[in-house]
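Enquirer:
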Amino acid sequence: MNQWVEIDDRSAIAVVRRLARRHGAEIGLPETRLDELAIVASEAATNILRYATRGRALIEPMRGPDAGHIAMIFTDRGPGIPDIDRMFKDGESSTESAGLGLGAIVRLSDSFDIFSAPDNGTTIACTFGGADDARPVEAVGLRVCHPHETSCGDDCQIRQTPLATDVLLCDGLGHGPAAAEAAAEVTDAATAAGGLSSEPGRLMRQITETLVGRRGAVAALVHVAQPQMELRYAGLGNISTLVIGAQGVRRMAVRDGRIGGAATRGYEETTQLEPGDMVILHSDGLKTLRENHFPQGLLRKSPLLIAGFFLDRAFRGRDDASIVVMRINRGRAQ
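Letter by letter, the sequence shown follows residues 884 to 1217 of my numbering.
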C-alpha cells in the first residue's frame, strides 16, 4: 500500500505493529523474527508519542537488490534526542513500552541508523531480513501513495551487477490506479527492451517509442559503471536528479516532455563520480531538494535513512512521491 502511517495517538501503535508483522510474514520471516519485528515497531512508535507527540512510520518490503528485506522508517519533528548514548541502554525507553530502549532496537534489527537534531527531530531507519554485503554503490528506493489512494503511481527499478548499478525512476501522470498502471507500462517497456542498460538515452528512446499515445509518465534513467564510476543519465520530464560531491550540488539537465508523447531520446549526460559522492533522484511529489535542505550530518547517514528523511520532510502531500538515494563507496580500480 506504500502509505505513511500517522502516529498521533496510542491506537497507531497497534496499526504499526500489525503492518510490520504482515509484511514480515510476506517475506517469510520466522515467528521469532516476527515477534522481534513487532517489538521494534511498537517501541519506536511509542517513543514518537512520548518525545514528539506525533510522527510517521513507513513500513514496506524493499525491492531490487534488497528484495526480501523489510524497511522501517520512523520520523518525527520533535526536539531531538539530547543524549542518544543513554537511550541506547536497556531500560531507557518510553512509558508503557517494552522498556527495551534504542539499544534493543539496534540489536533486534539487521541494520539500524538514526539522525536526531534539535531543529530536525528524529528519524530512525532499520531493516529486517538479513545483512547486506558491502557494495561499491549503495542504492535504495522508497515511495509513498497520495494520502487518499492505495495504489502508488510512482515506481522504480534498481539493478546491481558486479559491473554496474542501474536505476529507473518514473512517475505516472496523476495519482491512483490509473497512474500506477501508467508507471507499470514504463517499467514493462524497459523490461521488454532488454532491461536497464549502459545506454540510458537509447533505452529512453525505446520506451517512448513503445508508449506513444499512452496515458504517459515522466522518468529518469541512471547508469553507474564500476569500477570506472562514470555516471550516464537520461531524463524526460520533471524527475529531479542531483549529484552531491565535494564541490557541492549539481542538478542534472532534463528534457521537457513526457513518455506517451512523441518518441524522443531524452536528455543524455555523462559525469565522473568520486568515492563519497551521492546521487539522489526524486519525483515532484517531493518539494525540489536544494543544498540548504540538507541538515548538517544528514548526508553521512545511510541512503535508507536519507531517503526516509526526505520522503517525510519534503512530502507535498497531494501526489504520490518517490526517491532513490545512491552512495558511491569505492572508486576506480588502481
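No residue lacks a Cβ here, since even glycine has one placed at the ideal position from N, Cα and C.
Every value quoted in this text rests on a predicted model; they were computed, and no experiment measured them.
Three Cβ pairs or more, each shorter than 8 Å: is that satisfied between the region 1109-1122 and the region 1024-1040?
Expert: Short answer: they don't touch.
Enquirer: Since Gln-1043 sits in a beta bridge, which residues does DSSP pair it with?
Expert: Thr-1048
Enquirer: Quick check on DSSP: helix, strand or coil for Thr-1152?
Expert: For the sequence presented, residue 1152 should be read as Glu rather than Thr. DSSP places Glu-1152 in strand when its eight states are reduced to three.
Enquirer: Who are the Cβ neighbours of Ile-910 in its own chain at under 8 Å, not counting the five residues just before and after it?
Expert: Pro-944, Gly-951, His-952, Ile-953 and Gly-1012
Enquirer: For Ala-1103 and Val-1132, what's the separation of their Cα atoms in angstroms?
Expert: Cα-Cα distance, rounded: 18 Å.
Enquirer: Is the distance from the Cβ of Pro-1110 to the Cβ of Pro-1019 below 8 Å?
Expert: yes
Enquirer: Using a 10 Å radius around the Cβ and a threshold of 16 neighbouring Cβ atoms, would you call Val-1095 buried or exposed?
Expert: exposed
Enquirer: Which residues does DSSP pair with Met-1219 in a beta bridge?
Expert: Given that the chain is displayed from residue 884 to residue 1217, the structure contains no residue 1219 and the question cannot be resolved.
Enquirer: Compute the beta-carbon to beta-carbon distance between Arg-1088 and Leu-1056, rounded to the nearest angstrom, for a pair I have assumed lies under 8 Å.
Expert: No, Arg-1088 and Leu-1056 are not in contact; Cβ-Cβ is about 20 Å, not under 8 Å.
Enquirer: Please work out which residues of its chain come closer than 7 Å, Cβ to Cβ, to Ala-1181, disregarding the five sequence neighbours upstream and downstream, and give them in chain order.
Expert: Contrary to the premise, residue 1181 reads as Leu rather than Ala in this sequence. Hits under 7 Å: Phe-998, Ile-1189 and Phe-1192.
Enquirer: Based on the DSSP secondary-structure assignment, which residues constitute the bridge partners of Gly-1128?
Expert: Gly-1131
Enquirer: Within the same chain, show all residues whose beta-carbon is closer than 7 Å to that of Ala-895, passing over the 5 residues directly before and after it, in chain order.
Expert: Val-888, Glu-889 and Ala-928
Enquirer: Can you give the Cα-Cα distance for Leu-1046 and Ser-1205, rounded to whole angstroms?
Expert: 26 Å
Enquirer: Would the region 1039-1054 and the region 1074-1082 be scored as touching if the rule is three or more Cβ pairs under 8 Å?
Expert: Verdict: yes, contact present.
Enquirer: For a test of the three-state rule: what should DSSP assign to Arg-1199, helix, strand or coil?
Expert: coil
Enquirer: On the three-state DSSP scale, how would you describe Ile-1090?
Expert: Here Ile-1090 sits in helix by DSSP.
Enquirer: Just confirm the distance between the C-beta atoms of Cys-1009 and Val-1069, as a whole number of angstroms; I'd bet it's less than 8 Å.
Expert: At roughly 31 Å, the Cβ-Cβ gap does not stay under 8 Å, so Cys-1009 and Val-1069 are not in contact.
Enquirer: Between Glu-1021 and Cys-1039, what straight-line distance do the alpha-carbon atoms span, to the nearest angstrom?
Expert: 15 Å
Enquirer: Looking at the unbroken beta strand (DSSP E) that takes in Glu-909, where does it start and where does it end?
Expert: Where Glu-909 is concerned, there is no enclosing beta strand (DSSP E), although the alpha helix (DSSP H) it sits in stretches over 894-909.
Enquirer: Around the Cβ of His-1031, are there at least 16 other Cβ atoms within 10 angstroms (buried) or fewer (exposed)?
Expert: exposed
Enquirer: Given that a residue counts as buried once 16 or more other Cβ atoms are within 10 Å of its Cβ, and exposed if not, what is Glu-914?
Expert: exposed
Enquirer: Nearest by alpha-carbon distance to Ala-935: which of Gly-961, Ile-1090, Glu-1113 and Glu-1157 is it?
Expert: Selected option, being the one with the closest Cα: Gly-961.
Enquirer: Once the 5 residues before and after Arg-1215 are set aside, which same chain residues still bring their CB inside 7 Å of it?
Expert: Its pLDDT being 47, under 50, Arg-1215 is placed unreliably in this model, and the coordinates cannot settle the point.
Enquirer: Can you tell which of His-1176, Pro-1158 and Lys-1184 has the C-alpha that lies nearest to the C-alpha of Arg-1213?
Expert: Pro-1158
Enquirer: Once DSSP output is grouped into helix, strand and coil, what is the label at Ala-1145?
Expert: coil
Enquirer: Cutting at 6 Å between CB atoms, please list the residues of its own chain near Asn-1003, excluding the five before and the five after it.
Expert: Pro-1178
Enquirer: Does the Cβ-Cβ distance between Ile-1211 and Leu-1164 come in under 8 Å?
Expert: no
Enquirer: Leaving out the 5 sequence neighbours to the left and right, which residues in its chain are closer than 6 Å to Ala-1108 when beta-carbon positions are compared?
Expert: Ala-1047
Enquirer: Take the Cβ of Ala-1223 as the centre, count every other Cβ of all protein chains shown within 10 Å, and call the residue buried at 16 or more, exposed below.
Expert: Here the chain has residues from 884 to 1217 only, and residue 1223 is not among them.
Enquirer: Quickly, what does DSSP pair Leu-1164 with across the bridge? List them, please.
Expert: Thr-1124 and Val-1207
Enquirer: Give the single residue among Ala-1017, Arg-900 and Arg-939 whose Cα lies nearest to the Cα of Ile-1185.
Expert: Note on residue identity: the sequence assigns Ser, not Ile, to residue 1185. That would be Ala-1017, whose Cα lies nearest to the Cα of Ser-1185.
Enquirer: In the DSSP assignment, the alpha helix (DSSP H) including Glu-854 goes from what residue to what residue?
Expert: With the chain covering 884 to 1217 only, the question about residue 854 has no answer from this structure.
Enquirer: Less than 8 Å between the C-beta atoms of Ile-1127 and Asp-1167, yes or no?
Expert: no
Enquirer: With Arg-916 as the anchor, note down where its alpha helix (DSSP H) starts and where it stops.
Expert: 914-935
Enquirer: Can you name, in chain order, every residue of its own chain whose Cβ lies under 7 Å from the Cβ of Pro-1001, other than the five neighbours on each side?
Expert: Pro-962 and Gly-963
Enquirer: So, with DSSP's three-state summary, where would you put Ala-871?
Expert: In this structure the chain extends from 884 to 1217, so residue 871 is not present and cannot be described.
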